[in-house]
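Here the structure comes first, spelled out in structure tokens, and everything after it is commentary.
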Amino acid sequence: MTDANKRQKIAQLVLDHMYPKDHNAHAMGIAIDEIRPGYARASMVVRREMLNGHGSLHGGMSYALADTAFAYACNSYNTNAVAAGCSIVYPSAGREGDRLTAEAVETHLTGRNGVYDVTVSNQDGDVIALFRGQSRMVSGTVVPSEEIAKHV
């Protein structure tokens, strides 16, 4: 198995380990569609209860989608990582029935610090949110080493 294949297998094991316990993602209908080292793509459909008083997607909902993709991308190396800071802008509004996709891409990783850019777009390619997250790797792993050894 090549190093690239091993890293991909580890990223998939991280997803398989984290997602069943990700109660917020399940409650919001967020699916993790793809994971690779330093990358994750998540999606959800905007439901009526996600709308604000103006009838558009509440910013906290698109933030949660972006933050979820960010979490999987920065944990994809199987070192526990947490958010050190995040920012978000909302260029346009999401609407009920929109299928939103959040694509998290690692732009910088040095030592224990990472930076990830997440673009949230709808089914037409309109950008709904632009999120930047800074991660910090902390002690521990997502998947126990014994489990990794069984599969990699």
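Residue numbers 1 to 152, in the UniProt record's numbering, belong to the letters of the sequence shown in order.
The C-beta atom is built at its ideal place from N, Cα and C for all residues, glycine as well.
Those residues which DSSP pairs with residue i across a bridge
i: residue 134; result: 85 and 115
i: residue 41; result: 34 and 103
i: residue 108; result: 115
Extent of the continuous alpha helix (DSSP H) run through residue i
i: residue 72; result: 59 to 75
i: residue 123; result: Premise fails: residue 123 is in no alpha helix (DSSP H) and is neither H nor E.
i: residue 7; result: 3 to 18
i: residue 24; result: 23 to 28
i: residue 147; result: 145 to 151
Neighbour flag for residue i against chain C, beta carbons, 7 angstroms
i: residue 4; result: Within the model displayed, chain C is absent; a lone protein chain is all it includes.
Exposed unless 16 or more other CB atoms sit within 10 angstroms - verdict on residue i
i: residue 27; result: exposed
i: residue 67; result: buried
i: residue 129; result: buried
i: residue 120; result: buried
i: residue 53; result: exposed
i: residue 124; result: exposed
i: residue 55; result: exposed
i: residue 99; result: exposed
i: residue 101; result: buried
i: residue 25; result: buried
i: residue 41; result: buried
CB-CB length for residue i against residue j, believed under 8 angstroms
i: residue 89; j: residue 103; result: Contact flag wrong, Cβ pair sits at about 16 angstroms.
i: residue 15; j: residue 30; result: Not quite, the Cβ-Cβ distance comes to about 13 angstroms (not below 8 angstroms), so this is no contact.
i: residue 87; j: residue 114; result: Actually they are not in contact, since the Cβ atoms of residue 87 and residue 114 sit about 15 angstroms apart, beyond 8 angstroms.
- request: Flag this pair as touching only if the stretch 46 to 61 and the stretch 106 to 121 have three or more C-beta atom pairs under 8 angstroms; answer yes or no.
  value: no
query: With contact counted as at least three CB pairs below 8 angstroms, one residue from each stretch, are the stretch 69 to 85 and the stretch 132 to 147 in contact?
result: yes
contact_flag[the stretch 83 to 94, the stretch 59 to 73] where n(CB pairs < 8 angstroms) is 3 or more: yes
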